[in-house]
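Below is one structure, written out as structure tokens; the observations come after it.
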Amino acid sequence: MIDDLYDTIGGKETIWAATGSFYRRVLEDETLRHFFKSTDMAHLVAGQSMFISMLLGGRVVYTGKKIDEAHAHARSLGLNDKHFDAFLKHFRATLDEVGVKPDKAERVMKLLETQRDTVLNRLGYLVLPRIHLMRLRLVREPFDHPDYIFELKHDGFRAVVFIENGECQLLSRRLRRPPIRVTEDRAFEAARAEYHSGRRDRLSRW
Numbered sequence: 001m002i003d004d005l006y007d008t009i010g011g012k013e014t015i016w017a018a019t020g021s022f023y024r025r026v027l028e029d030e031t032l033r034h035f036f037k038s039t040d041m042a043h044l045v046a047g048q049s050m051f052i053s054m055l056l057g058g059r060v061v062y063t064g065k066k067i068d069e070a071h072a073h074a075r076s077l078g079l080n081d082k083h084f085d086a087f088l089k090h091f092r093a094t095l096d097e098v099g100v101k102p103d104k105a106e107r108v109m110k111l112l113e114t115q116r117d118t119v120l121n122r123l124g125y126l127v128l129p130r131i132h133l134m135r136l137r138l139v140r141e142p143f144d145h146p147d148y149i150f151e152l153k154h155d156g157f158r159a160v161v162f163i164e165n166g167e168c169q170l171l172s173r174r175l176r177r178p179p180i181r182v183t184e185d186r187a188f189e190a191a192r193a194e195y196h197s198g199r200r201d202r203l204s205r206w
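Going by the working numbering, the first residue of the sequence shown is number 1, and it counts up by one from there.
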């Protein structure tokens, strides 16, 4: 059972030892080390240890970033399946190093494998750009400029529609899902209609 895997492989002591050793191996791998040039490794080891502990059923609360968000920078540097395979290979060797029995190690690896699509952002979510939206203020004339992204008004909620490769995601001004019931399919159709009509600074009402 997953619930007892954390304890049966040695709990916190084993997880922290394994995670530290894992990143030492990663930093020695010339195909992987470039992903961590500007990384605070002590902070990363601590966060990863918490995440793995939680994944294996430990009574640990992971307080770090969402996994897809945490790997956004690495993906921008070309993180792919080949790299993920290399990470798994190093972690498997690390489990042997810290004395985890082979059958338990395989169970750990299967759980880590479940994170592949999240790490590589293949779960259907758009990779959103880091943008700063223009805040509302009173002006004498409406402002318009092609270099700006405008906040969109929808039934009392300001929202932004991201459209990429035919996929649509409707988010609040803080880049979170807004508490509205309009489907993203309808948001996409409305945004596309506004775009082609030349009125790109707002959404139609629907």
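Glycine residues also receive a C-beta, built at the ideal position from the N, C-alpha and C atoms. None of these values were measured; they are calculated from a predicted model.
Should Tyr6 go down as buried or exposed, given a rule of 16 or more other Cβ atoms within 10 Å for buried? Buried, by the Cβ-count rule.
May I ask which residues mark the beginning and end of the alpha helix (DSSP H) holding His71? No alpha helix (DSSP H) holds His71; DSSP gives it neither H nor E.
Check whether the Cβ atoms of Ser21 and Thr94 lie closer than 8 Å to each other. Taking 8 Å as the cut-off, the Cβ atoms of Ser21 and Thr94 count as close.
Could you tell me whether the segment 45-59 touches the segment 72-89, where touching means 3 or more Cβ pairs closer than 8 Å? No contact exists between the segment 45-59 and the segment 72-89.
Going by the beta-carbon positions, is the gap between Thr118 and Asp68 smaller than 8 Å? Contact flag set, yes.
Among Gly99, Ala74 and Arg140, which has the Cα closest to the Cα of Ser38? A check of alpha carbon separations from Ser38 across Gly99, Ala74 and Arg140 identifies Ala74 as the nearest.
I think Ser76 touches Lys12, with their Cβ atoms under 8 Å apart; what is that distance to the nearest whole Å? That pair is no contact at about 33 Å.
For His90, which of helix, strand or coil comes out of DSSP? DSSP places His90 in helix when its eight states are reduced to three.
Roughly how many whole angstroms lie between the Cα atoms of Asp29 and Asn121? Note on geometry: alpha-carbon atoms of Asp29 and Asn121 lie some 23 Å from one another.
Roughly how many angstroms separate the alpha carbons of Met41 and Ile149, rounded to a whole number? Roughly 35 Å between the two C-alpha positions.
Let me check understanding here. Comparing Cα to Cα, which of Phe91, Phe36 and Gly99 lies closest to Met109? When each option's Cα is compared against that of Met109, the closest is Phe91.
Hey, Thr63 and Val45: beta-carbon distance below 8 Å or not? Not closer than 8 Å, so no.
What does the Cβ neighbour count give for Leu55, buried or exposed, with the cut at 16 atoms within 10 Å? Taking all protein chains in view, the Cβ of Leu55 is crowded by 16 or more other Cβ atoms within 10 Å, so the residue is classified as buried.
If you run the structure through DSSP and keep just helix, strand and coil, what is Pro102? It is helical.
Is it right to say Val100 is buried, meaning 16 or more other beta carbons lie within 10 angstroms of its own, or is it exposed? Buried: at least 16 other Cβ atoms inside 10 Å.
According to DSSP, is His145 helix, strand or coil? Residue state, collapsed to three classes: coil.
Sort Asp96, Arg140, Thr31 and Asp103 by Cα distance to Lys82 and report the nearest one. The option with the nearest alpha carbon to Lys82 is Thr31.
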